[in-house]
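Beneath this line is the structure, given in structure tokens, with notes to follow.
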Amino acid sequence: MLERTGLSPQVLLMTDMLQGIEDKLELLADAQDARLRKLEDALADWNDRVDAIEAKVRGLPERICRAMLHRRDSSVGYIPEDVEIAIHGLAEAVQASLNPTPVAVPNTYDTTSSISDTDMLDNNGSDVEEAPPKRPKLWRRPPAVQPLPSTITDAVVVEASHRQFQWPNGAWRRVPPKWALPKEQCRTMWVYWHRGDTATQIGRYRFLSGDDMQRKADKNGLSTLRSVMMKIDDAALSLVPYLDRLPKLSLRDFLAVFDHSFRVLQKTHTRVDTPRARRLAFPICLMNFTRLVMEEITRMAMINSLIPSEDALNDLSDLDLVAIFDGAYFIFVHRHPSGHFMGRLRLKQTKYESLAHETPQAWRFPKQTTCRLLWEYWFLGDGFSGIRPFGLIDTAGVDFADTTAELRLAKFLVDNLIDLAIDKQLVASEDAVHAMNRCDCMEVFDHVYPILFEDHPWGNLKSGGLTDMPMELYLWTDVCEALRHVRTSTTSTVEILGVPAQLANIERATDLSPSIHSIEGHSKFIPSTRKAIPTPDEANCPFLWSDGSRRQAPEDWSFPNLVCRDAWVGWFHGDLANQIGPYRLLRPLDVHTRDSKMALNNTRAIMDALIQIALARSPVPSEDALGNVMPDKVLRVFDAAYYILARPSVVHVIKDATSP
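First residue of the sequence shown: 1, per the UniProt record's numbering; consecutive thereafter.
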């Protein structure tokens, strides 16, 4: 054989050894693959089991609470706090007991294996380390709600008029020396924030400042706490008129406000908007406004001779700098016309692209808010950002196109609420709401908001795609979408007026109740300004209804289905047969049925568009002057205005314009 192959015995021996090593390596790889497959199958089975059990356990508290609330023989209207804590504790205990069963992993170095120890050596003779299998990431449960400390009671700490704790250096502060900021859950910290700490006799944390803290970690913690509490306070303002009323509530009601506000905060904020220290301690959208406030306070300090110049502030110590700020801020709040104690700050912006703007430079319209908070912003303004009522903001002073569109969308919702409020005789006009104080303004919303869902002329808003949840938790953008969906699906009476179908969609195509101005053959869609319908005198309300009130139309009268030409005449001259005055003076409360209210609103939208065109193209000075024109001349004005309105070159959404 040696003569036939021509190889030496050493080469043949080496070849046999290499072949044996190669065979053993293949066996080792097959064994490792089998072990890994077995381990992966075990982990997959375990993960499926854990996911199924966790899904059931997570819904356990809600199922128990729901069952308690739906018991017919139960008189409990709410879930007590101790019961809810016990239920959550049960869920946590069940989840904690689901420890995975240890999976028997075969020992790589088992002596019973067919692979010898020498097979586990690399080329250098050292042991080959087997990488441990990675543990799969399981769902991370949120921390359980901890009970409140026993020191928290119904008592509220009353702050002293001065700083009552003296430090070793002789300074007086609001907290004792070497005091550390507690690190508790938000629920506990919210109690300290608005009610104080009765155990240490420290007042409400919301009045603490960084000057009261000794350690830098406590100063940073207070800044983080303030940013989170402000977010919860914003959500709580949907339940209480102002924050100073919170300490006057009982502890039970106070915690109920927190629980509701925290749920609203969780539902209305996405993961990226979750309160974090770095992002919320100094919001980017307020940087410009903060700079303006600091400039104004610095100017107050120089005018009142607190400092000789702005550069002198750089040479002051921290204590002197804080003292200068306290003095200038007091002057700014109590003496300056732009300042108002515990209210909105209205500053004239002087360094924003050399123009006067009504909003900070980076301000965006708040989309993730409830309807109640939008109502407050619209009529009372945003005190935190220092922006005046949103309903008074001129869109020319807003930088971003999406913010302008959201302002118009919000106006669409507010206009619907105002129409319902006027219909139910809650207010006389939108201007009357602007003149109200905060309590009366929010009371109007609380009355009219349920009507929006229960008795809207367009139909049931639940059919507009709203989810099954309490109506106070809906975002205002979702309610707007539901309104527009219901309006689109409702059979419109505009087509009965003889208006082409394309004209009936003008409102939808131009995004929110436009007015049409046609000048020299051009058309421009701009937001219509709401005109308050004057409240008629009792002499002009000859019809007595069954509830004892006097209206401008009989109770059994329905708004007629007229062609557009006849509706124009009735708009200015009324219905002589039924002794009803001009339709333009009718209010929604003067008609009884929902169909009549909807027909009146739709007719008003078309008539307003025609009237604005007529006023722009005819010598008639005002709408009231049109009412004094004879019917034949009024029809001439209508013919000219309708021709412009229905012309395809003017209204681009019209493709087949027909004559009236």
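All C-beta atoms in this analysis are idealised placements derived from N, C-alpha and C, irrespective of residue type, glycine included.
key: Sequence-distant residues of its chain with Cβ nearer than 7 angstroms to R487 (five each side left out)   = Within the sequence shown, the letter at position 487 stands for residue 487. Hits under 7 angstroms: W458.
Cross-strand partners of L380 (DSSP beta bridge) = As a position in the sequence shown, residue 380 is number 380, starting the count at 1. None; L380 has no bridge partner.
inquiry  = When you compare the region 602 to 613 with the region 536 to 555, are there three or more beta-carbon pairs, one atom per stretch, that lie closer than 8 angstroms?
reply    = Contact between the region 602 to 613 and the region 536 to 555 is absent, because fewer than three Cβ pairs lie under 8 angstroms.
inquiry  = Given this structure, state the Cα-to-Cα distance separating R206 from M229, to the nearest angstrom.
reply    = Translated into the one-based positions of the sequence shown, residue 206 becomes position 206. Translated into the one-based positions of the sequence shown, residue 229 becomes position 229. Those two C-alpha atoms are separated by around 9 angstroms.
message = Let's see if you can read the secondary structure: which residues bound the alpha helix (DSSP H) around F572?
response = Residue mapping note: residue 572 aligns to position 572 of the sequence shown, counting from 1. That run of the alpha helix (DSSP H) goes C564 to H573.
request  = Ignore the nearest five residues each way along the sequence and tell me which others in M598's own chain have a CB closer than 6 angstroms to its CB.
outcome  = Stepping through the sequence shown from its first residue, residue 598 is reached at position 598. Around M598: P457.
query = With a CB to CB cut of under 8 angstroms and the five nearest residues on each side skipped, what residues in its chain are close to R550?
reply = In the sequence shown, residue 550 corresponds to position 550, counting from 1. Within the same chain, R550 has close Cβ partners E538, C541, P542, F543 and L544.
task = Leaving out five residues on either side along the sequence, give the residues of the same chain with a beta carbon under 8 angstroms from the beta carbon of L600.
result = Taking the first residue of the sequence shown as position 1, residue 600 is located at position 600. Closer than 8 angstroms at the Cβ level, and outside the excluded window around L600, lie F559, Y583, L586, P588 and V591.
message = Checking the sheet assignment: what are the DSSP bridge partners for T370?
response = Residue mapping note: residue 370 aligns to position 370 of the sequence shown, counting from 1. Answer by DSSP bridge pairing, in chain order: L475.
message = For H434, which residues in the same chain have their Cβ closer than 8 angstroms to its Cβ, ignoring the five residues on either side in sequence?
response = Here residue 434 refers to the residue found at position 434 of the sequence shown. F379, P389, G391 and L392, listed in sequence order.
query = Between which two residues does the alpha helix (DSSP H) harbouring C186 extend?
reply = The sequence position of residue 186 within the sequence shown is 186, counting from 1. Element bounds for C186: C186 to R195.
key: W172 (DSSP reduced to helix, strand or coil)   = Counting from 1 along the sequence shown, the entry for residue 172 is found at position 172. Reduced to three states, the DSSP call for W172 is strand.
task = Round the Cβ separation of C480 and L413 to the nearest angstrom and send it over; I've been treating them as touching at under 8 angstroms.
result = Counted from its first residue, the sequence shown places residue 480 at position 480. Counted from its first residue, the sequence shown places residue 413 at position 413. Confirmed, Cβ separation roughly 5 angstroms.
inquiry  = If the criterion is Cβ atoms closer than 8 angstroms, does the pair T370 and L473 meet it?
reply    = Start at 1 with the first residue of the sequence shown, and residue 370 comes out as number 370. Start at 1 with the first residue of the sequence shown, and residue 473 comes out as number 473. A Cβ-Cβ contact shorter than 8 angstroms links T370 with L473.
request  = State yes or no: is the C-beta of E376 within less than 8 angstroms of the C-beta of L237?
outcome  = As a working mapping, residue 376 is identified with position 376 in the sequence shown. As a working mapping, residue 237 is identified with position 237 in the sequence shown. Their beta carbons are under 8 angstroms apart, which means E376 touches L237 by this criterion.
ask   = What is the residue span of the alpha helix (DSSP H) that K633 lies within?
value = Working through the sequence shown from its first residue, we reach residue 633 at position 633. Counting along the chain, the alpha helix (DSSP H) containing K633 begins and ends at P631 to L645.
key: For L544, the residue or residues it bridges with in DSSP   = Position 544 of the sequence shown holds residue 544. DSSP output for L544 lists R550 as bridge partner(s).
task = Could you spell out where the alpha helix (DSSP H) holding Y449 opens and where it closes?
result = By one-based count along the sequence shown, residue 449 stands at place 449. Y449 -> alpha helix (DSSP H) spans R438 to E454.
C-beta contact flag for P195 and V257 at 8 angstroms = Reading the sequence shown from its first residue, position 195 is the one you call residue 195. Reading the sequence shown from its first residue, position 257 is the one you call residue 257. Residue 195 is actually Arg in this sequence, not Pro. Between R195 and V257, the CB-CB gap reaches or exceeds 8 angstroms.
Unbroken alpha helix (DSSP H) run spanning Q19, endpoints = For the purposes of this step, residue 19 is taken as the residue at position 19 of the sequence shown. It spans P9 to R58 - the alpha helix (DSSP H) in which Q19 sits, taken as one unbroken run.
key: F165 - partner residues in DSSP beta bridges   = Taking the first residue of the sequence shown as 1, we reach residue 165 at position 165. Its beta-bridge partners are R173.
query = How about K424 and I387: are their beta carbons less than 8 angstroms apart?
reply = Within the sequence shown, numbered from 1, the residue matching residue 424 stands at position 424. Within the sequence shown, numbered from 1, the residue matching residue 387 stands at position 387. For K424 and I387, no; Cβs fall outside 8 angstroms.
message = Measuring alpha carbon to alpha carbon, tell me which residue in W571, Y643 and S546 is nearest D624.
response = As a position in the sequence shown, residue 624 is number 624, starting the count at 1. Nearest of W571, Y643 and S546 to D624, Cα basis: W571.
ask   = Between the C-alpha atoms of L615 and N628, what's the straight-line distance to the nearest angstrom?
value = By one-based count along the sequence shown, residue 615 stands at place 615. By one-based count along the sequence shown, residue 628 stands at place 628. Looking at the two C-alpha atoms, the distance is approximately 14 angstroms.
I303, DSSP secondary structure in three states = On the sequence shown, position 303 is the one that residue 303 refers to. The answer is helix: DSSP assigns I303 an H, G or I state.
task = Using alpha carbons as the reference points, say which of K183, D556 and L645 lies closest to S596.
result = As a working note, residue 596 is residue 596 in the sequence shown. S596 has its Cα closest to that of D556, out of K183, D556 and L645.
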